[in-house]
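**Student:** One structure follows; several queries about it will come next.
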Amino acid sequence: MRLWQIEELLKDIKSFEKPDVYLEQYATPPHIAAYLVHIAENSFGDLQGKLVADLGCGTGMLCAALLYLESSYIVGVDVDDSALAIAKENCATWNQVDFVHSDISKLAVKSVFDTVVMNPPFGTRRKGVDVVFLEKAIELTRPGGVVYSLHKTCTRNYLQKKIQQWKCEGEVLGKFLFNLSKTFAFHKKESMDIEVDLWRLKK
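At position 182 of the sequence shown (counting the first as 1) the number is 568 in my numbering, and the numbers step up by one without a gap.
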(Lines of atoms letter the chains of each structure in order from A; the text may use other names.)
(Lines give C-alpha, C1' and ligand atoms only; values in the text may rest on other atoms or scores of the structure.)
Protein backbone atom coordinates (compact mmCIF):
# COMPACT_ATOMS: atom_id res chain seq x y z
CA MET A 387 0.00 0.00 0.00
CA ARG A 388 1.32 3.43 -0.93
CA LEU A 389 2.01 6.14 1.62
CA TRP A 390 -0.75 8.47 0.42
CA GLN A 391 -3.28 5.64 0.47
CA ILE A 392 -2.51 4.85 4.11
CA GLU A 393 -2.78 8.53 5.03
CA GLU A 394 -6.17 8.86 3.31
CA LEU A 395 -7.55 5.84 5.16
CA LEU A 396 -6.32 7.16 8.50
CA LYS A 397 -8.13 10.48 8.05
CA ASP A 398 -11.34 8.67 9.03
CA ILE A 399 -10.00 7.64 12.45
CA LYS A 400 -12.01 9.21 15.26
CA SER A 401 -9.97 11.23 17.76
CA PHE A 402 -10.31 11.98 21.48
CA GLU A 403 -13.67 13.34 22.63
CA LYS A 404 -12.35 14.85 25.88
CA PRO A 405 -8.53 14.81 25.80
CA ASP A 406 -6.80 14.61 29.18
CA VAL A 407 -4.12 17.27 29.68
CA TYR A 408 -2.29 15.22 32.33
CA LEU A 409 -1.99 12.29 29.92
CA GLU A 410 -0.93 14.67 27.12
CA GLN A 411 -3.54 13.24 24.78
CA TYR A 412 -2.75 14.62 21.35
CA ALA A 413 -3.77 12.44 18.42
CA THR A 414 -1.00 11.30 16.08
CA PRO A 415 -1.54 13.15 12.77
CA PRO A 416 -2.46 10.78 9.90
CA HIS A 417 0.55 11.78 7.79
CA ILE A 418 2.98 10.95 10.60
CA ALA A 419 1.26 7.67 11.47
CA ALA A 420 1.26 6.72 7.79
CA TYR A 421 4.96 7.53 7.39
CA LEU A 422 5.86 5.53 10.50
CA VAL A 423 4.20 2.32 9.35
CA HIS A 424 5.18 2.79 5.71
CA ILE A 425 8.90 3.11 6.42
CA ALA A 426 8.76 0.39 9.10
CA GLU A 427 7.41 -2.12 6.59
CA ASN A 428 8.81 -0.99 3.25
CA SER A 429 12.34 -0.21 4.44
CA PHE A 430 12.74 -2.78 7.23
CA GLY A 431 9.98 -5.40 6.98
CA ASP A 432 9.08 -4.88 10.64
CA LEU A 433 5.26 -5.08 10.47
CA GLN A 434 3.69 -7.56 8.08
CA GLY A 435 3.08 -10.87 9.81
CA LYS A 436 4.58 -9.55 13.06
CA LEU A 437 3.35 -9.44 16.65
CA VAL A 438 3.14 -5.72 17.43
CA ALA A 439 2.27 -3.58 20.46
CA ASP A 440 1.17 0.05 20.52
CA LEU A 441 1.87 1.64 23.91
CA GLY A 442 -0.34 4.58 24.82
CA CYS A 443 -2.50 3.72 21.83
CA GLY A 444 -5.12 6.39 22.51
CA THR A 445 -7.98 6.10 20.02
CA GLY A 446 -6.13 3.64 17.82
CA MET A 447 -4.54 5.71 15.07
CA LEU A 448 -1.35 3.63 14.95
CA CYS A 449 -3.25 0.39 15.57
CA ALA A 450 -5.37 1.05 12.49
CA ALA A 451 -2.26 1.87 10.48
CA LEU A 452 -0.70 -1.43 11.58
CA LEU A 453 -3.79 -3.31 10.49
CA TYR A 454 -3.60 -1.77 7.02
CA LEU A 455 0.02 -3.01 6.86
CA GLU A 456 -1.13 -6.55 7.76
CA SER A 457 0.54 -7.11 11.11
CA SER A 458 -0.54 -10.57 12.26
CA TYR A 459 -1.63 -9.55 15.76
CA ILE A 460 -1.70 -6.20 17.54
CA VAL A 461 -2.10 -5.25 21.19
CA GLY A 462 -3.00 -1.65 21.99
CA VAL A 463 -2.39 -0.51 25.57
CA ASP A 464 -3.75 2.62 27.22
CA VAL A 465 -4.61 3.81 30.72
CA ASP A 466 -7.71 5.73 29.54
CA ASP A 467 -10.75 3.50 29.12
CA SER A 468 -12.70 6.20 27.24
CA ALA A 469 -9.94 6.41 24.63
CA LEU A 470 -9.90 2.62 24.36
CA ALA A 471 -13.64 2.60 23.70
CA ILE A 472 -13.04 4.85 20.68
CA ALA A 473 -10.07 2.73 19.60
CA LYS A 474 -12.26 -0.38 19.61
CA GLU A 475 -14.79 1.47 17.47
CA ASN A 476 -12.09 2.63 15.05
CA CYS A 477 -10.73 -0.92 14.65
CA ALA A 478 -14.05 -2.78 14.85
CA THR A 479 -13.79 -4.29 11.36
CA TRP A 480 -10.66 -6.31 12.25
CA ASN A 481 -10.33 -9.27 14.61
CA GLN A 482 -6.52 -9.42 14.91
CA VAL A 483 -6.31 -6.55 17.40
CA ASP A 484 -6.98 -6.48 21.15
CA PHE A 485 -6.89 -3.60 23.59
CA VAL A 486 -5.62 -3.67 27.17
CA HIS A 487 -6.64 -1.13 29.82
CA SER A 488 -3.46 -0.66 31.84
CA ASP A 489 -0.74 1.70 32.93
CA ILE A 490 2.25 0.62 30.85
CA SER A 491 4.43 0.44 33.97
CA LYS A 492 2.22 -2.38 35.28
CA LEU A 493 2.64 -4.64 32.25
CA ALA A 494 4.30 -7.80 33.53
CA VAL A 495 5.27 -9.46 30.24
CA LYS A 496 8.78 -9.18 28.80
CA SER A 497 10.51 -9.95 25.49
CA VAL A 498 7.24 -10.82 23.73
CA PHE A 499 6.74 -8.54 20.74
CA ASP A 500 8.54 -8.39 17.42
CA THR A 501 7.84 -4.67 17.14
CA VAL A 502 6.55 -1.89 19.39
CA VAL A 503 5.23 1.38 17.96
CA MET A 504 4.16 4.42 19.93
CA ASN A 505 3.58 8.12 20.16
CA PRO A 506 4.28 8.52 23.90
CA PRO A 507 3.60 11.64 26.00
CA PHE A 508 6.37 14.16 25.34
CA GLY A 509 6.98 14.72 29.05
CA THR A 510 5.59 18.25 29.18
CA ARG A 511 3.30 17.49 32.12
CA ARG A 512 5.19 14.56 33.64
CA LYS A 513 8.91 15.02 33.22
CA GLY A 514 10.65 11.89 32.02
CA VAL A 515 7.52 9.94 31.09
CA ASP A 516 8.70 9.74 27.47
CA VAL A 517 11.79 7.84 28.62
CA VAL A 518 9.66 5.58 30.84
CA PHE A 519 7.64 4.62 27.76
CA LEU A 520 10.76 4.01 25.69
CA GLU A 521 12.39 1.82 28.32
CA LYS A 522 9.20 -0.22 28.73
CA ALA A 523 8.95 -0.65 24.95
CA ILE A 524 12.47 -2.07 24.83
CA GLU A 525 11.63 -4.40 27.72
CA LEU A 526 8.60 -5.71 25.84
CA THR A 527 10.45 -6.51 22.61
CA ARG A 528 12.14 -9.84 22.04
CA PRO A 529 15.93 -9.95 21.38
CA GLY A 530 16.44 -8.51 17.91
CA GLY A 531 13.06 -6.79 18.05
CA VAL A 532 12.51 -3.12 17.23
CA VAL A 533 10.80 -0.02 18.59
CA TYR A 534 9.42 2.90 16.59
CA SER A 535 8.75 5.97 18.71
CA LEU A 536 8.07 9.70 18.32
CA HIS A 537 9.94 12.18 20.53
CA LYS A 538 10.63 15.90 20.63
CA THR A 539 13.66 16.75 18.50
CA CYS A 540 15.10 18.80 21.37
CA THR A 541 15.57 15.57 23.36
CA ARG A 542 17.61 13.84 20.63
CA ASN A 543 21.04 14.05 22.27
CA TYR A 544 19.69 12.96 25.63
CA LEU A 545 17.84 10.00 24.12
CA GLN A 546 20.93 8.94 22.20
CA LYS A 547 22.82 8.63 25.49
CA LYS A 548 19.99 6.67 27.11
CA ILE A 549 19.79 4.30 24.15
CA GLN A 550 23.52 3.64 24.41
CA GLN A 551 23.11 2.94 28.13
CA TRP A 552 20.42 0.39 27.29
CA LYS A 553 22.84 -1.23 24.82
CA CYS A 554 20.47 -0.78 21.90
CA GLU A 555 21.00 0.53 18.39
CA GLY A 556 19.14 3.74 17.60
CA GLU A 557 18.66 5.99 14.61
CA VAL A 558 16.40 8.89 13.67
CA LEU A 559 14.46 8.04 10.51
CA GLY A 560 12.86 11.43 10.02
CA LYS A 561 11.89 14.76 11.54
CA PHE A 562 8.37 16.16 11.38
CA LEU A 563 6.34 19.17 12.40
CA PHE A 564 3.72 17.84 14.80
CA ASN A 565 0.84 20.32 14.70
CA LEU A 566 -0.93 20.80 18.02
CA SER A 567 -4.29 22.49 17.64
CA LYS A 568 -5.83 24.51 20.48
CA THR A 569 -7.12 21.65 22.63
CA PHE A 570 -7.00 22.89 26.22
CA ALA A 571 -8.08 26.14 27.88
CA PHE A 572 -4.50 27.19 28.71
CA HIS A 573 -3.49 27.10 25.02
CA LYS A 574 -3.06 30.69 23.85
CA LYS A 575 -2.48 29.98 20.16
CA GLU A 576 -4.93 28.35 17.76
CA SER A 577 -2.18 25.92 16.79
CA MET A 578 1.55 25.41 17.06
CA ASP A 579 4.13 23.14 15.47
CA ILE A 580 6.47 20.95 17.53
CA GLU A 581 9.57 19.42 15.94
CA VAL A 582 9.42 15.66 16.43
CA ASP A 583 11.84 12.83 15.59
CA LEU A 584 10.86 9.34 14.52
CA TRP A 585 13.24 6.92 16.21
CA ARG A 586 13.93 3.28 15.36
CA LEU A 587 15.60 1.26 18.11
CA LYS A 588 16.86 -2.29 17.75
CA LYS A 589 17.24 -4.43 20.85
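Think of the CB as a built atom: it goes at the ideal place given N, C-alpha and C, for glycine as much as any other residue.
Thinking Val558 and Thr501 are a contact (beta carbons under 8 Å), I'd like their distance in whole angstroms, please.
**Tutor:** That belief does not hold up - the Cβ atoms of Val558 and Thr501 are roughly 17 Å apart, past 8 Å.
**Student:** For a quick check, are the C-beta atoms of Leu587 and Val533 less than 8 Å apart?
**Tutor:** yes
**Student:** May I have the straight-line CA-CA distance separating Tyr459 from Gln551, to the nearest angstrom?
**Tutor:** Going by the C-alpha atoms only, they are around 30 Å apart.
**Student:** DSSP on Pro416, reduced to helix/strand/coil?
**Tutor:** Note: Pro416 maps to helix in three-state DSSP.
**Student:** On the three-state DSSP scale, how would you describe Asp464?
**Tutor:** strand
**Student:** Measuring alpha carbon to alpha carbon, tell me which of Gln411, Pro405, Trp480 and Cys449 ends up nearest Phe508.
**Tutor:** Minimum Cα distance to Phe508 is reached at Gln411.
**Student:** Relative to the alpha-carbon of Gly560, which residue among Ile524, Lys436, Thr414 and Ser535 has its alpha-carbon at the smallest distance?
**Tutor:** Ser535
**Student:** Looking only at its chain, what residues have a beta carbon closer than 6 Å to the beta carbon of Glu456, apart from the 5 residues adjacent to it on each side?
**Tutor:** Gln434
**Student:** Which ranges does the alpha helix (DSSP H) cover as unbroken runs of at least 4 residues, wholly within the segment 532-569, from first to last along the chain?
**Tutor:** 542-551
**Student:** Give me the Cα-Cα distance between Leu395 and Val483, rounded to the nearest whole angstrom.
**Tutor:** If you draw a straight line from the Cα of Leu395 to the Cα of Val483, it comes to about 17 Å.
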